[in-house]
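Under my numbering, the first residue of the sequence shown carries the number 1, and numbering increases by one thereafter. First comes the structure, then the notes that go with it.
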Amino acid sequence: MAELAFSRESSEFKKGIQAGISIGIGYFPIALTFGLLAKTSGLSIYETVLMSLIVFAGASQYISLSLIAYGTGIFEIILTTFIVNIRHFLMSTSLNEKVEEDHLLNKLIYSFGITDETFSVVATKEGNATTGFLFGVISVSYSSWVIFSGLGHLIGASLPKTLQESMGVALYAMFIGLLVPSMKKSVKVVFLAVLGAIFNSIFTIGNLMAQGWAIVTATLLSAIIIETAEVIKMRNRSVRHED
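Below, the structure is given as structure tokens:
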């Protein structure tokens, strides 16, 4: 029975690896770019790889680079990362209904590897997802992100000094590239981005608070205002429908 169970887990792990290969390939350019930008932001290769090992969250790591460049404090960076990753509570709750029952320790380990991409692969899998399958998907994606982050830093170190300094512009280009597609799909994202930019400008230009806190406060305020407006809008529609 033990051999049969081990064989089953091994098979599920292999299936997870196969499913995760596409994620690993997709992470290649993003992680490589992160490593390049981390080098131009002043991080050493050890700090870059360590961040990818501990954080393993693309958007949060990019935002952290921007905040580090501004000289933002550690607490503000941690708080901003927490806000950006709040969606992981919802993803984890959803996956908890799909994965098989297992030891809490195993769940704690593979929950660390939940990203937008790994969530999509596991959530769309037919039937329940085994622990072996999750470990297979996450091991490929995690390894890809960490390895190519370090590789990107090494490539950045070999670039001419002038080109390294100009790579700082790529960070803002990356944010624009991530934001524009979302703005095309949802008007709410447009209002959220504009409102956040207005609040951040007011806080920083008016010297009301430090750059890091300005970003955190602007993000929270704009999100609260937009979501409140959305709730009021839905209630008004409900009232009209009843009338």
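Ideal Cβ placement from N, Cα and C applies to all residues, glycine included. Computed from a predicted model, the values in this text were never measured in an experiment.
query: Ile23 and Glu117: beta carbons closer than 7 Å?; result: yes
query: Buried or exposed: where does Val121 fall if 16 or more other Cβ atoms within 10 Å of its Cβ makes it buried?; result: buried
query: Could you check whether Lys15 and Phe244 sit closer than 7 Å to each other, using their CB atoms as the reference points?; result: A question about residue 244 goes unanswered here, because the residues of the chain that appear run from 1 up to 243.
query: Just to confirm my understanding: we take Ser60, look at its own chain, exclude 5 residues before and 5 after, and list those with CB closer than 7 Å. What are they?; result: Thr81, Val84, Asn85
query: Closest to Gly58 by CA distance: which of Lys125, Ser94, Ser149, Phe203 is it?; result: Ser149
query: Shortest alpha-carbon distance to Gly196 belongs to which of Asn207, Ala218, Ser66?; result: Ala218
query: Identify the continuous alpha helix (DSSP H) that holds His103 and give its terminal residues.; result: Looking at the DSSP string, His103 is not in any alpha helix (DSSP H), and its letter there is neither H nor E.
query: Quick one, which of Leu221, Val190, Leu192 has its alpha-carbon nearest Phe203's?; result: Leu221
query: Could you check where the alpha helix (DSSP H) with Ala157 kicks off and where it finishes?; result: 131-158
query: In three-state DSSP terms, what is Ser201?; result: helix
query: What are the complete alpha helix (DSSP H) segments, minimum 4 residues, inside the stretch 41-79?; result: 45-54, 58-70
query: Taking contact to mean at least 3 C-beta pairs separated by less than 8 Å, is the stretch 22-40 in contact with the stretch 61-72?; result: yes
query: Figure out for me which residue from His103, Val99, Leu108 has the closest Cα to the Cα of Asn128.; result: Val99
query: Leu95: which of Ala193, Ile68, Ala123, Ser44 sits nearest, CA to CA?; result: Ala123
query: When the Cα of Ser139 is compared with those of Ala229, Leu67, Tyr110, Ala157, which residue comes out closest?; result: Tyr110
query: Indicate the three-state DSSP secondary structure (helix, strand or coil) for Ile225 in the structure shown.; result: helix
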